[in-house]
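The sequence shown begins at 1 in the UniProt record's numbering and counts up one residue at a time. Every residue gets a Cβ at the ideal spot worked out from N, C-alpha and C, and that includes glycine. Reading through the structure tokens given below for one structure.
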Amino acid sequence: MLTAADDPLLGPERVVLSIHYGENKYGEVVLGFYPSVAPVTVAHILQLVRLGGYNTNEIFRVDKGFVAQVQGVDGGRRAPMSKGLRAVAKQTVRDEFSSTLQHKRGVLSMGKFEEPHTGTSSFSMLLGDAPSLDGKYTIFGRVVAGDHVLSQLEQLETRREGIFVKPKERVEVVSAVLMHASDGGGLELHECEDQKTEL
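In structure tokens form, the structure reads like this:
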């Protein structure tokens with residue numbers, strides 16, 4: 001587990017994604033965040049996690065050596081959305097580019113349309129270096145544990161659908177749990193009064 005000493009940009013929050021593919025459990029991917037680099041994006045993503053937005057969602061795109069992309073919460077969830085979640089999911093966030101961070105394997109990159117400031121809730125976990133994305137998409141964190149799970153996802157059978165390479169079977173994010181990195185390097189459940197996990 002990476003600590004602040006390993007990467008001074010990392011804030012204390014972690015999100016643990018439990019990822020299932022069909023009947024096979026591929027395990028957990030732990031995300032860390034860069035609040036000093038992309039404060040608006042990080043706050044938005046964490047709010048969606050608190051509201052249970054990524055529970056029962058999916059990784060709809062697995063392009064080997066490029067990205068594993070999590071679907072927007074208003075398009076990939078099996079479960080219905082509450083009114084509060086729907087309101088947050090519709091919000092857009094401004095671009096927050098960094099001149100020092102690069103799109104390399106493990107980086108978290110905010111999805112958006114071609115127009116500026118159109119990110120909502122979809123994001124990618126980079127599966128390789130992608131310098132063409134630098135200065136175009138917001139880097140807001142990185143995978144701090146579970147790279148082996150991403151490697152397993154890269155082995156899945158895929159199909160091409162337009163510009164996207166998609167897995168042939170659904171890759172489900174069963175849950176996304178907000179945790180807090182402790183001083184000893186472990187994880188503790190994040191206690192927050194407004195945290196509300198909804199399936």
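Straight-line Cα distance separating residue j from residue i
i           : j           : result
residue 126 : residue 84  : 30 Å
residue 60  : residue 43  : 23 Å
residue 117 : residue 153 : 29 Å
residue 31  : residue 140 : 10 Å
residue 75  : residue 144 : 26 Å
residue 161 : residue 46  : 30 Å
residue 41  : residue 172 : 23 Å
residue 124 : residue 186 : 25 Å
Exposed unless 16 or more other CB atoms sit within 10 angstroms - verdict on residue i
i           : result
residue 100 : exposed
residue 48  : buried
residue 69  : buried
residue 50  : buried
residue 14  : buried
Residue i in three-state terms, based on DSSP
i           : result
residue 133 : helix
residue 45  : helix
residue 77  : coil
residue 69  : strand
residue 117 : coil
residue 85  : helix
residue 103 : coil
residue 150 : helix
residue 61  : strand
residue 40  : helix
Cβ shell of residue i (< 7 Å), same chain only, five flanking positions each side left out
i           : result
residue 130 : 66, 103
residue 133 : 103, 109
residue 94  : 40, 117
Member of the options whose CA lies at the smallest distance from the CA of residue i
i           : options            : result
residue 138 : 152, 178, 122, 128 : 122
residue 178 : 119, 124, 18       : 18
residue 77  : 98, 87, 53         : 53
residue 20  : 56, 95, 97, 105    : 56
residue 174 : 8, 23, 9           : 23
residue 35  : 91, 142, 64        : 142
residue 90  : 98, 159, 73        : 73
Min CB distance residue i to chain B below 8 Å
i          : result
residue 74 : Considering every chain present, this structure includes no chain B. It has just one protein chain.
Cβ neighbours of residue i in the same chain (closer than 6 Å, five flanking residues each side left out)
i           : result
residue 112 : 118, 119
residue 146 : 28, 29, 30
Sequence-distant residues of the same chain with beta carbon closer than 8 Å to residue i, five excluded per side
i           : result
residue 156 : 21, 62, 167, 168, 169, 171
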